[in-house]
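J.:
Residue numbers (the numbering used here), protein chains in the order written: chain A, 1 to 249; chain B, 1 to 249.
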């Protein structure tokens, strides 16, 4: 097992990341957050765990919408400090904690939520086991992650393009879809480690750990997003994000 | 709704198809059948419906392995005639019936099975509804179909390759993954209509119709198959087949 990666505590990376987030013109704000919000159950009086909470935006949203208690955890001290600074809710708590060690949390939740963090975790099946342990019966797991068709490719040569245009039509490149393993990518000038898993591995890991799949979504070229960032039309060809909702049995 | 396609009753196509099947060196025999057999529950005393049964090979396999009754249906008269000719089991019945009209069947089953036929059906959600109606409580649905990453691409120009090799590494082309619609492909010298659906559409249609997902598999480069047909090693890059097992609630 590798040491969990903590790119957000790299100062240079964190600065670049903050700049990108401040513009609000990114796939996270325009595509992922609206979609995953539309999948949430009624939050009233719920106890919610937010895994990889980052700067805590969703944790605060849960509190705003009636959650009884929210615990947001993230591996990055930078992120948790930011989250604490921006937090005005007494029932929202933020803690530095790696996703690999969530069994240190000694309470149960009605919902476990995670936005775009699970693709950083090496052992997905253990993560599902731990989440299942932290959920009350009928508790809900909702998460987004990068889509397997987007994380699959292993590049032979650093500068390779992700797509090619032939006769004016775009085709994305796909390889190694069934090769569940580490991917090292350059993102914001930093080598970033992600873990690619095919669809069946993700689904079966949830099912094996006593959770029932309720809904799956794949990111679409939403009109409003495409208006602001035209290239998001290519979500029709190759989605960025996968969203899954499951229920503890 | 289009008229259901019946390519197997086109004489020329059927002859080519039979030649291909007789060699036993094809992805169906080497990859798909072994995999889906390994997903079957105990067949003893089960009532089984085989949708798109073709020449009835799997229907006979179910009888050999203890099924109480097997009904195999297929749109093609050619296929059903072949199935009847090769059948020695009194408890196996074959009928010409389109997948779109299975509600004409007035009995319930413990298992509904289908091998590589659902991608010919236009209305997948209706099919799942009809199957759910034909299943006893706790009844099992097991099916294989072409994998969404394999059916997705829409070719701009007839002669385009499905993949490109760059620096000695193979990359498959992917487009239109989220465009759930008809695909017209040339197969065995015949224009063949298939329906592409993304993963979430397939999964959600099952769930919405009162079935619980039990397992998902994607075809792998199995050693024995690759030994006989070396190009099957590319299953690692882009699987041909998707397999799903679900349970009626």
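Quick reminder that beta carbons are idealized off the backbone N, C-alpha and C, glycines included.
This structure is a prediction, so every number in the text was calculated from the model and none was measured.
When the cut-off is 8 Å and only beta carbons count, does residue 171/A lie next to chain B?
T.: True, the Cβ-Cβ gap to chain B drops below 8 Å.
J.: Identify the continuous alpha helix (DSSP H) that holds residue 110/A and give its terminal residues.
T.: Not the alpha helix (DSSP H): residue 110/A falls in the beta strand (DSSP E), residues 109-115.
J.: Do the segment 202-211 of chain B and the segment 127-134 of chain B make contact, defined as three or more Cβ pairs closer than 8 Å?
T.: Yes, they touch.
J.: Roughly how many whole angstroms lie between the Cα atoms of residue 88/B and residue 109/A?
T.: When rounded, the distance between both Cα atoms is 57 Å.
J.: Find the residues of chain A that neighbour residue 31/B, judging by a C-beta separation of less than 9 Å, and give them in chain order.
T.: Those do not exist, as residue 31/B stays about 12 Å from chain A at its closest Cβ, beyond 9 Å.
J.: To test your reading of the DSSP string, which unbroken beta strand (DSSP E) runs of 3 or more residues are found completely within the segment 73-154 of chain B?
T.: The qualifying runs are 92-96, 109-115, 135-146.
J.: Chain E partners of residue 175/A, CB-CB under 8 Å?
T.: The structure shown contains no chain E; its protein chains are A and B.
J.: In or out: residue 86/B buried (at least 16 other Cβ within 10 Å) or exposed?
T.: That one is exposed.
J.: When burial is assigned at 16 or more other CB atoms within 10 Å of the CB, is residue 239/B buried or exposed?
T.: Result: buried.
J.: What residues match up with residue 26/A in a beta bridge as DSSP calls it?
T.: Paired residues: none, contrary to the question.
J.: I need the DSSP call for residue 246/A, collapsed to helix, strand or coil.
T.: Correct three-state label for residue 246/A: strand.
J.: Where does residue 38/B land, buried or exposed, given buried means 16+ other C-beta within 10 angstroms?
T.: Residue 38/B is exposed by the Cβ-count criterion.
J.: Can you name the residues of chain B whose CB is closer than 7 Å to the CB of residue 149/A?
T.: Per Cβ cutoff of 7 Å: 149, 174, 177.
J.: I want to see whether chain A comes within less than 8 Å of residue 200/B, judged by CB atoms only; does it?
T.: Closer than 8 Å: yes.
J.: Are the C-beta of residue 204/B and some C-beta of chain A separated by less than 8 Å?
T.: So yes, residue 204/B belongs to the interface.
J.: 8 Å is my cut-off, CB to CB: does residue 214/A come that close to chain B?
T.: Answer yes: the Cβ-Cβ gap between residue 214/A and chain B drops below 8 Å somewhere.
J.: Please report the straight-line C-alpha distance between residue 186/B and residue 135/B, rounded to a whole angstrom.
T.: C-alpha separation (whole angstroms): 35 Å.
J.: Classify residue 212/B as helix, strand or coil using the three-state DSSP reduction.
T.: Three-state DSSP puts residue 212/B in a strand.
J.: Please list, in chain order, the chain A residues whose beta carbon lies closer than 7 Å to that of residue 218/B.
T.: By Cβ distance, chain A contributes 178, 198, 199, 200.
J.: Expressed to the nearest angstrom, what Euclidean distance is found between the alpha-carbon atoms of residue 32/B and residue 241/B?
T.: If you take the alpha carbons of residue 32/B and residue 241/B, they lie about 7 Å apart.
J.: Is there a C-beta anywhere in chain B that falls below 8 Å from the one on residue 207/A?
T.: Residue 207/A counts as touching chain B.
J.: In its own chain, which residues sit with a C-beta less than 7 Å from the C-beta of residue 68/A, not counting the 5 before and 5 after it?
T.: Correct list, in chain order: 45, 46, 47, 91.
J.: For residue 61/B, report the span of its alpha helix (DSSP H) as first-last.
T.: 57-64 is the span of the alpha helix (DSSP H), which, as asked, contains residue 61/B.
J.: Give me whichever residues DSSP pairs with residue 186/B in a beta bridge.
T.: According to DSSP, residue 186/B bridges with 191/B.
J.: What does a CB cutoff of less than 6 Å around residue 121/B pick up in its chain, not counting 5 residues either side in sequence?
T.: Excluding sequence neighbours, residue 121/B sits near 99, 127.
J.: Can you tell me the Cα-Cα spacing of residue 94/A and residue 131/A, whole angstroms?
T.: When rounded, the distance between both Cα atoms is 18 Å.
J.: Counting C-beta neighbours from all protein chains within 10 Å, is the total for residue 15/A 16 or more, i.e. buried, or is it exposed?
T.: The residue is exposed, with fewer than 16 neighbouring Cβ atoms inside 10 Å.
J.: Cβ of residue 55/A within 8 Å of Cβ of residue 79/A?
T.: Closer than 8 Å, so yes.
J.: Nearest to residue 224/A by alpha carbon, out of 11/A, 139/A, 201/A, 25/A?
T.: When only C-alpha atoms are compared, the closest one is 25/A.
J.: Exposed or buried, which one is residue 104/B when buried takes at least 16 other CB atoms within 10 Å?
T.: Per the 10 Å Cβ criterion, exposed.
J.: Assuming the contact rule is C-beta atoms closer than 8 Å, residue 195/A and residue 119/A should be a hit. Round their C-beta distance to whole Å, please.
T.: Right, their Cβ atoms sit about 6 Å apart.
J.: Note down, in chain order, each residue of its chain lying with its Cβ closer than 6 Å to the Cβ of residue 176/A, except the 5 sequence neighbours on either side.
T.: 152, 154.
J.: How would you write the range of the beta strand (DSSP E) that residue 169/A sits in, first residue to last?
T.: Element bounds for residue 169/A: 169-174.
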